[in-house]
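Using our numbering, you'd call the opening residue of the sequence shown number 63 and step up by one each time.
Written out below as structure tokens is the structure these notes cover.
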Amino acid sequence: GLAAGAHARSANYIEAIGMDAAGVRLRNTVTGAEFSFEADIVVNTSGPWTDLTNTALGQTSTFMGGTKGSHIVLDNPELLAATGGREIFFEHKDGRIVLIYPLAGRVLVGTTDLEHDMTQPALCTEGEVDYFFDLVKHVFPDVAVNRSEIVFRFAGVRPLPRHDDEAPGFVSRDYRIESRPLGARPGTLLSLVGGKWTTFRALAEHLSGDILALLGRTRVVSTAGLPIGGGRNFPATDAAHRVWIAANGDEVGASRADELLTRYGTRAVDVIDFITAEPDAVLQHHADYSRREIEFLAATESVVHLTDLVLRRTSMAFRGELSLALLEELAGVLAPVLGWDSARGAAELDLAVDVLRDRHGVDLTTVDAASASRA
């Protein structure tokens, strides 16, 4: 498969760049290596980039009409307390459904619904921040919020179908599967149009069912009701939770086992086995994580870049917990696991600093300066 051999670790960084006589032309974005891959069925699930991918494959389409949605994360204890631990989900003055959501000790505020050019990065703008502050004031007029409390901002693009004159907020969130001949080669190109996280399992079973039908194969496993990942055998009651902690907390302690269960679900068993197999130590610049825990993530969670770790495998960036010193420490932990030399480690550090600043509004030079002044 795609993840074989030299491409194993960076399989998540493979992009389709075209079609040739040998099949779909793919590029490893980490190493730069290009190769062709032959298949009877090509499935395009590149979300809002679906039309761009089809164009690269020589099958121009106009299926998509994705809209940008942004969020901000606030470190505001008064607002956090005002939510009462509940998600505030409501219709704002413009008719959009928006939310104020307590999460991981912070408050997530969103979202917008704006047309977006998929050839450009999706960024949360200052105008959107003003919109978020307005909706907070709409619900909690006595709670003051300001830009200094934003610890993280992010934006994404919904993979909505093309909607022409229909207002973005009223476009269907349903999905469909478009089928075409592959074109230059025998075979079928399936394009997933629409869909969202809340329906991803039904969507995936539908899509895989279509693939099996084209291959003349019969499904042998249904995903209906199938627990996955850390949700498998998760303790669903307080009593079951106590039993799990008692059974898994001997070596790391009850509080640490509870923290890991919250973070990884029942996959915490694998984490505990790993971190107790050799001597461990908490990170110098983040006491809630240990070196062995970071090594586990690097070895098992397809970490390729430092940004993978801080943006997606942990909540460090989301919670506004990063500093230059912590990034340097994390890069040092990742390096021996991922085979980075000093030059690669320095490049990863620079990339992380740039991405955090340009995409997420986190300027670590300012963060470190503020921390130094408080000290």
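Every residue, glycine too, gets a C-beta built ideally from N, C-alpha and C.
Tell me the residue span of the alpha helix (DSSP H) that contains Pro-203. Neither: Pro-203 is in no alpha helix (DSSP H) and is coded neither H nor E.
State the DSSP-derived secondary structure class of Gly-172, mapped to helix, strand or coil. strand
Cβ-based neighbour list, Asp-351, same chain, cut-off 6 angstroms, excluding 5 preceding and 5 following: The sequence shown places Tyr at residue 351, rather than the Asp named in the question. Here the set comprises Leu-345.
How would you call Lys-130, buried or exposed, if buried means at least 16 neighbouring beta carbons within 10 angstroms? buried
Please report how far the alpha carbon of Gly-63 lies from the alpha carbon of Ala-301, in whole angstroms. Per-residue confidence for Gly-63 stands at a pLDDT of 26, beneath the threshold of 50, marking its modelled position as unreliable; the derived number appears in the next sentence. Gly-63 and Ala-301: Cα-Cα distance of roughly 44 angstroms.
For the beta strand (DSSP E) that contains Val-314, what are its first and last residues? Looking at the DSSP string, Val-314 is not in any beta strand (DSSP E), and its letter there is neither H nor E.
Taking only heavy atoms of the ligand MG into account, decide whether any of them is closer than 7 angstroms to the Cβ of Phe-152. No copy of the ligand MG appears in this structure; indeed no ligand is present at all.
Can you list, in chain order, the residues of its chain with a C-beta nearer than 7 angstroms to that of Ser-241? Leave out the 5 residues immediately preceding and following it. Within the same chain, Cβ atoms closer than 7 angstroms to the Cβ of Ser-241 are found at Thr-250, Leu-252, the five residues on either side in sequence being excluded.
Under the assumption that Leu-136 contacts Ile-212 (Cβ atoms under 8 angstroms), give the Cβ distance between them as a whole number of angstroms. So it is a contact: roughly 6 angstroms between Cβ atoms.
With three or more beta-carbon pairs closer than 8 angstroms as the criterion, would you say the region 114 to 127 touches the region 191 to 199? no
Assigned secondary structure, Pro-297 (DSSP; H/G/I helix, E/B strand, else coil): coil
Candidates Glu-177, Leu-141, Leu-371: which alpha carbon is nearest Pro-164's? It is Leu-141.
Leaving out the 5 sequence neighbours to the left and right, which residues in its chain are closer than 8 angstroms to Gly-128 when beta-carbon positions are compared? Gly-109, Pro-110, His-178, Met-180, Val-219, Arg-220, Pro-221, Leu-222
Just how far apart, CA to CA, sit Glu-410 and Arg-281? 42 angstroms
Give the straight-line distance between the Cα atoms of Leu-288 and Thr-261, rounded to the nearest whole angstrom. The alpha-carbon atoms of Leu-288 and Thr-261 are separated by roughly 14 angstroms.
Between which two residues does the beta strand (DSSP E) harbouring Gly-85 extend? 85 to 90
Check the C-beta distance from Leu-400 over to Val-365 and give it rounded, since I have them as a contact under 8 angstroms. 7 angstroms
Is the CB-CB distance between Ser-132 and Phe-216 below 8 angstroms? yes
How many angstroms separate the CA atom of Ala-225 from the CA atom of Phe-125? Checking the sequence, you will find His at residue 225 rather than Ala. If I take the Cα positions, the gap works out to 9 angstroms.
Neighbourhood of Ile-150 by C-beta, 8 angstroms cutoff - its chain only, sequence neighbours within 5 removed: Leu-161, Ile-162, Tyr-163, Val-201
So, for Thr-257: in the same chain, excluding its five sequence neighbours on each side, which residues have a beta-carbon less than 7 angstroms away from its beta-carbon? With the sequence shown as reference, residue 257 is identified as Gly, and Thr is not the correct amino acid for it. So the qualifying residues of the chain are Pro-221, Tyr-237, Leu-265.
In or out: Leu-396 buried (at least 16 other Cβ within 10 Å) or exposed? With 16 or more other Cβ atoms within 10 Å, it is buried.
Hey, quick one: how far does the beta strand (DSSP E) through Ile-79 stretch, first residue to last? First-last of the beta strand (DSSP E) with Ile-79: 76 to 82.
Identify whether Ala-437 lies in helix, strand or coil by the three-state DSSP scheme. Only weak support is given to the placement of Ala-437: the predicted model assigns it a pLDDT of 49, under 50, and the question is left unresolved by the model.
May I have the straight-line CA-CA distance separating Arg-71 from Glu-355, to the nearest angstrom? Because Arg-71 sits at a pLDDT of 42, beneath the cut-off of 50, its placement in the model cannot be relied upon, and the following sentence gives the value as read from the coordinates. Answer to the nearest angstrom: the Cα atoms are 19 angstroms apart.
Would you identify the three-state DSSP class for Ala-70, choosing helix, strand or coil? Only weak support exists for where Ala-70 lies, its pLDDT of 39 falling under 50; the coordinates are left without a value.
If distances are taken between C-alpha atoms only, which option among Ala-275, Pro-341, Leu-322 comes closest to Ile-334? Leu-322
Give the range of the beta strand (DSSP E) segment to which Ser-98 is assigned. 96 to 99
Sequence-distant residues of its chain with Cβ nearer than 8 angstroms to Gly-147 (five each side left out): The residues Pro-164, in chain order, have a CB closer than 8 angstroms to that of Gly-147 in the same chain once the five nearest residues on each side in sequence are set aside.
Length of the line joining the Cα atoms of Thr-107 and Pro-248: 20 angstroms
To the nearest angstrom, report how far apart Val-415 and Ala-298 are at their CA atoms. 39 angstroms
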